[in-house]
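Protein sequence lines correspond, in order, to chains A and B. Numbered by numbering that gives the first Met the number 0, the letters in the first sequence go through residues 0 to 406 in order. Numbered by numbering that gives the first Met the number 0, the letters in the second sequence go through residues 0 to 150 in order.
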Amino acid sequence: MTKLNIQAIRRDFPTLHQEIYGFPLAYLDNAATSQKPVQVIDAVADFYREDNANVHRGVHQLSQRATDSYEGARAKVCRFLNADSDEEIVFVRGATEAINLVAHSFVRPMLKAGDEVLISHIEHHANIVPWQMLCDQVGAKLVVIPMTESGELDLSGFDDLLTSKTKIMAVGQVSNALGTVNPVKMMTEKAHAKGIPVLIDGAQAVPHMPADVKDLDCDFYVFSGHKMFAPTGIGALYGKQALLDEMAPWQGGGDMILSVSFEKTQYNALPYKFEAGTPNISGAIGLGAAIDYMQSIGIEAIASYEHELLSYATERVNKLDGIRVIGTAEHKASVLSFVIEGVHPHDVGTIFDQQGVAIRAGHHCAQPVMQFFGIPATARASFAFYNTMEEVDALVDSISKVQELFA
Amino acid sequence: MSSADLRDLYQQVIMDHNKKPRNFIDMADANHLAHGNNPLCGDALVVYVKLDGDVIQDLSFQGSGCAISMASASLMTEALKGKTLAEAEVIYQQVHDQLTGESEVDAADLGKLEVLGGVKEFPARVKCATLSWHTMHSALENGTDTEVTTE
């Protein structure tokens, strides 16, 4: 295992080098969004400086370059996910849009009253609400895999939740609120044994661990670029080609057609039939650059270093009095969610900010998780590979500061 | 610098009202009430009003939230109890102006409510302080059970 040169890595991230209220910034809000390396910033800027044109149109040189870069980014996503072909990669705005696309184009046409959609208790709202809307429309039932006190999925009754009525199982690989790593491969295997297709929400997984759709054997995999060092507004949907082929487009417009007359429109081939309108070209290019960047460091090395960071942070916080860590699963990635006795997380967030420590205070778009633990919100520190042990120390110092102030 | 700022926000009065909120009861004979929600940070409260003619005879609240939202609600109940609707409206406006910095407010007019002024320097927290006030306003205007959100 190669040791990461954290100082060299940090030099690639301009935002990290600033003071907040006189303290060095400790950016520990990576589960909300990650910072961007110069390699990504430059890729986006260079596109606009040198190659800007629309894709899949125009015979001119710039359009050709733009198309090559955009499709080159798709090929990078394909390799990143270990997918079979570029045709299985659809560019979208992010994980949320990808889930809505699958809900609308894949599940809705086959969903009838009385059918079931299976999700889990620890999903992000993005993997709850689209399914809920769909179920409401047709009178189907949203079935929820329960969770345990430690924040793991309670799979004791899992087999019984997979029924002949289940039309899809949609689960997150890593919980954004708690950091729990779910056993999605095993769950997928069991769902497939009963003929149930599976969508995996990888938004919180891709920055921290290898994402291999062949190994997982999932039918759909979704993620957002901005949580993995790419720009906002770009993400990808992976779908098995046979399934994508059968699905109708969900938005109509330019670029998704072969021919249009007022009588009939012929749709374009995969993946273009799902990419109506001018896409986020620079975003896709930035995503490609982010993938290159992560791979140059090594995703295994990233996972291993972040594990050290999280272990150290958990160990230090556990030694403090008056702190409750929310989410104590055996397998976790990146996230340390906690509450300080007698202090609302929103106050915690403000006081941390005054010490230069940026965390998230809130329900993390996972209100059912908060309801389960009987709390309105948590304070959440979430790490990326550019964070340091010293920043963990700053986090712990800030907790003491809160406790002093509220003593 | 930073500690001083924090002390401006978390003044003794605020911490005291957060720990021991005044008029923190479910008022059985309230004739006006409204629910206030700040969904992003999870603050949720109910404001109860007993209006006698145009006098706020009694005012209370219940709920949970950050120190700023709890203290602001508690201070509000103390400040408005016994006031007429017209007087309450003036105070509401003064607090609003003070929190948003829209216009200068004479500190002397605000009395104890002046401690809420520290919130102005923390833009992300202004909605915490205004939640109970908006909710009270809605309770007075609409009478029955209404829902207020500061998002």
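Glycine residues also receive a C-beta, built at the ideal position from the N, C-alpha and C atoms. Just so you know, these numbers come straight off a predicted model, no measurement behind them.
* Asked: Between glycine 234 (chain A) and phenylalanine 222 (chain A), is the Cβ-Cβ spacing less than 7 Å?
  -> Sequence index remark: in the first sequence, residue 234 (chain A) carries index 235 (1-based). Sequence index remark: in the first sequence, residue 222 (chain A) carries index 223 (1-based). The Cβ atoms of glycine 234 (chain A) and phenylalanine 222 (chain A) sit closer than 7 Å to each other.
* Counting only the same chain and skipping the five closest in sequence on each side, list residues whose C-beta sits under 8 Å from that of asparagine 30 (chain B). => Within the second sequence, the letter at position 31 stands for residue 30 (chain B). Exclusion of the five residues before and after asparagine 30 (chain B) leaves Val48, Lys49, Leu50 and Gly142 as the residues of its chain whose Cβ lies within less than 8 Å of its Cβ.
* Asked: If we cut at 7 Å on Cβ distances, does alanine 87 (chain B) have a partner in chain A?
  -> Numbered from its first residue, the second sequence carries residue 87 (chain B) at position 88. Interface flag for alanine 87 (chain B) against chain A is unset, since no Cβ pair is found closer than 7 Å.
* **valine 125 (chain B) versus B:Ser68, B:Ala107, B:Glu88 and B:Gly64, residue with shortest Cα-Cα distance** => One-based indexing of the second sequence puts residue 125 (chain B) at position 126. When only C-alpha atoms are compared, the closest one is B:Ser68.
* Say whether chain B places a C-beta atom closer than 7 Å to the C-beta of glycine 361 (chain A). => By 1-based counting over the first sequence, the position of residue 361 (chain A) is 362. Taking 7 Å as the threshold, the shortest C-beta distance from glycine 361 (chain A) to chain B falls below it.
* Asked: So asparagine 17 (chain B) is in the alpha helix (DSSP H); what residue range does that whole segment cover?
  -> What you label residue 17 (chain B) is simply residue 18 of the second sequence in a count that begins at 1. Counting along the chain, the unbroken alpha helix (DSSP H) around asparagine 17 (chain B) starts and ends at 11-18.
* Asked: Is any heavy atom of the ligand MN found at a distance shorter than 6 Å from the C-beta of isoleucine 88 (chain A)?
  -> Ligands displayed in this structure: none; no statement on the ligand MN is therefore possible.
* What's the C-alpha gap between alanine 27 (chain B) and proline 145 (chain A)? -> The sequence position of residue 27 (chain B) within the second sequence is 28, counting from 1. The sequence position of residue 145 (chain A) within the first sequence is 146, counting from 1. Between alanine 27 (chain B) and proline 145 (chain A), the C-alpha separation is close to 37 Å.
* **Per-residue burial, glutamine 354 (chain A) [other beta carbons within 10 Å of its own, 16 or more giving buried]** => The count along the first sequence starts at 1 and reaches residue 354 (chain A) at position 355. Burial state of glutamine 354 (chain A) is buried, judged by a 10 Å Cβ sphere holding 16 or more other Cβ atoms.
* Asked: By a C-beta neighbour count over all protein chains shown, 10 Å radius and 16 as the cutoff for buried, is lysine 75 (chain A) buried or exposed?
  -> Counted from its first residue, the first sequence places residue 75 (chain A) at position 76. Classification for lysine 75 (chain A): buried.
* Asked: Are the Cβ atoms of aspartate 7 (chain B) and glycine 117 (chain B) separated by less than 7 Å?
  -> Start at 1 with the first residue of the second sequence, and residue 7 (chain B) comes out as number 8. Start at 1 with the first residue of the second sequence, and residue 117 (chain B) comes out as number 118. Going by beta carbons, aspartate 7 (chain B) and glycine 117 (chain B) fall inside the 7 Å limit.
* **Cβ-Cβ distance between aspartate 158 (chain B) and leucine 130 (chain B) below 7 Å** => The structure shown does not extend to residue 158 (chain B), since chain B is modelled only from 0 through 150, so no value can be given for it.
* Going by beta carbon distance, what residues of the same chain come within less than 8 Å of threonine 277 (chain A), once the five residues before and after it are set aside? -> Position 278 of the first sequence holds residue 277 (chain A). Contacts found: Asn53, Val54, Gly253 and Asp254.
* If we ignore side chains and look at the alpha-carbon of each, how far apart do leucine 24 (chain A) and aspartate 352 (chain A) end up? -> To locate residue 24 (chain A), count along the first sequence from 1; it is residue 25. To locate residue 352 (chain A), count along the first sequence from 1; it is residue 353. Their Cα atoms are separated by approximately 9 Å.
* Asked: In whole angstroms, what separates the C-alpha of leucine 243 (chain A) from that of aspartate 159 (chain A)?
  -> Locating residue 243 (chain A) in the first sequence gives position 244, counting from the first residue. Locating residue 159 (chain A) in the first sequence gives position 160, counting from the first residue. Annotation: leucine 243 (chain A) to aspartate 159 (chain A) spans about 29 Å, alpha carbon to alpha carbon.
* **Exposed unless 16 or more other CB atoms sit within 10 angstroms - verdict on arginine 48 (chain A)** => What you label residue 48 (chain A) is simply residue 49 of the first sequence in a count that begins at 1. For arginine 48 (chain A), the number of other beta carbons within 10 angstroms of its own is below 16, and it is reported as exposed.
* To do: With distances taken Cα to Cα, identify the nearest neighbour of isoleucine 322 (chain A) among A:Val143, A:Val259, A:Asn386 and A:His343.
  => For the purposes of this step, residue 322 (chain A) is taken as the residue at position 323 of the first sequence. The option with the nearest alpha carbon to isoleucine 322 (chain A) is A:His343.
* Buried or exposed (CB count within 10 angstroms, at least 16 for buried), methionine 0 (chain B) -> Here residue 0 (chain B) is taken as the residue at index 1 of the second sequence, counted from 1. Note that methionine 0 (chain B) scores a pLDDT of 43, beneath 50, so its modelled location is shaky and nothing firm can be said.
* Asked: Along chain A, which residues have their Cβ under 7 Å away from the Cβ of leucine 183 (chain B)?
  -> The first residue shown for chain B is 0 and the last is 150, placing residue 183 (chain B) beyond what the model contains.
* Asked: Under three-state DSSP, which class holds threonine 264 (chain A)?
  -> Taking the first residue of the first sequence as 1, we reach residue 264 (chain A) at position 265. Strand.
* To do: Pick helix, strand or coil for proline 206 (chain A), following the three-state DSSP scheme.
  => For the purposes of this step, residue 206 (chain A) is taken as residue 207 along the first sequence, with counting starting at 1. In this structure, proline 206 (chain A) counts as coil in the three-state DSSP scheme.
* Leaving aside the five residues before and after leucine 394 (chain A) along the sequence, list all residues of the same chain whose C-beta is less than 7 Å from its C-beta, in chain order. => Indexing the first sequence from 1 puts residue 394 (chain A) at position 395. Only Ala25, Leu27, Ala312, Val356 and Ala380 meet the Cβ criterion.
* To do: Thinking threonine 99 (chain B) and alanine 33 (chain B) are a contact (beta carbons under 8 Å), I'd like their distance in whole angstroms, please.
  => Numbered from 1 along the second sequence, position 100 holds the residue referred to as residue 99 (chain B). Numbered from 1 along the second sequence, position 34 holds the residue referred to as residue 33 (chain B). Not really, about 21 Å apart at Cβ, beyond 8 Å.
* Asked: So with Cβ pairs under 7 Å, would you call tyrosine 91 (chain B) a contact of chain A?
  -> Residue 91 (chain B) sits at position 92 when you count from the first residue of the second sequence. With its beta carbon at least 7 Å from every one in chain A, tyrosine 91 (chain B) lies outside the interface.
* **Enclosing alpha helix (DSSP H) for asparagine 317 (chain A) [first to last residue]** => Taking the first sequence and counting its residues from 1, the one referred to as residue 317 (chain A) is at position 318. Per DSSP, the unbroken alpha helix (DSSP H) holding asparagine 317 (chain A) starts and ends at 298-317.
* Asked: Closest to leucine 308 (chain A) by CA distance: which of A:Gly326, A:Gln294, A:Ser333 and A:Asp50 is it?
  -> Here residue 308 (chain A) refers to the residue found at position 309 of the first sequence. Ranked by Cα distance from leucine 308 (chain A), the options A:Gly326, A:Gln294, A:Ser333 and A:Asp50 are led by A:Ser333.
* Pairwise C-alpha distance: valine 37 (chain A) and isoleucine 284 (chain A) -> Residue numbering aside, residue 284 (chain A) sits at position 285 when the first sequence is read from its first letter. Residue numbering aside, residue 37 (chain A) sits at position 38 when the first sequence is read from its first letter. In a straight line, the C-alpha of isoleucine 284 (chain A) is about 13 Å away from that of valine 37 (chain A).
* Note down the Cα distance separating isoleucine 350 (chain A) from isoleucine 398 (chain A), rounded to an integer number of angstroms. => The count along the first sequence starts at 1 and reaches residue 350 (chain A) at position 351. The count along the first sequence starts at 1 and reaches residue 398 (chain A) at position 399. Annotation: isoleucine 350 (chain A) to isoleucine 398 (chain A) spans about 9 Å, alpha carbon to alpha carbon.
* So, do the segment 67-74 of chain A and the segment 83-94 of chain A have three or more beta carbon pairs nearer to each other than 8 Å? -> At 8 Å Cβ cutoff, the stretches touch.
* **For glutamine 61 (chain B), the residue or residues it bridges with in DSSP** => The sequence position of residue 61 (chain B) within the second sequence is 62, counting from 1. Bridge partners of glutamine 61 (chain B): B:Val45.
* To do: Would you please verify whether the beta carbon of leucine 404 (chain A) is less than 7 Å from any beta carbon of chain B?
  => As a position in the first sequence, residue 404 (chain A) is number 405, starting the count at 1. For leucine 404 (chain A), the nearest CB of chain B lies under 7 Å from its own CB, placing it at the interface with that chain.
* For valine 142 (chain A): DSSP bridge partner residues -> As a first step, residue 142 (chain A) must be located in the first sequence, where it is residue number 143. A:Leu117.
* Asked: Taking tyrosine 304 (chain A) as the reference, which of A:Asn386, A:Ala247, A:Lys263 and A:His363 has the closest Cα?
  -> In the first sequence, counting from the first residue as 1, residue 304 (chain A) sits at position 305. Just measuring C-alpha positions, the residue of A:Asn386, A:Ala247, A:Lys263 and A:His363 sitting nearest tyrosine 304 (chain A) is A:Asn386.
* Neighbourhood of alanine 138 (chain B) by C-beta distance below 6 Å, restricted to the same chain and skipping five residues each side -> Along the second sequence, read from residue 1 onward, the residue named residue 138 (chain B) stands at position 139. Result list for alanine 138 (chain B): His31, Leu32, Ala33, Val46 and Val48, in chain order.
* **Rounded C-alpha distance that separates serine 63 (chain B) from histidine 123 (chain A)** => Here the question's residue 63 (chain B) lines up with position 64 in the second sequence. Here the question's residue 123 (chain A) lines up with position 124 in the first sequence. The alpha-carbon of serine 63 (chain B) is positioned some 23 Å away from that of histidine 123 (chain A).
* Short check: CB of histidine 120 (chain A) to CB of valine 142 (chain A), under 7 Å? -> Translated into positions along the first sequence, residue 120 (chain A) becomes position 121. Translated into positions along the first sequence, residue 142 (chain A) becomes position 143. No, the Cβ-Cβ distance between histidine 120 (chain A) and valine 142 (chain A) is not below 7 Å.
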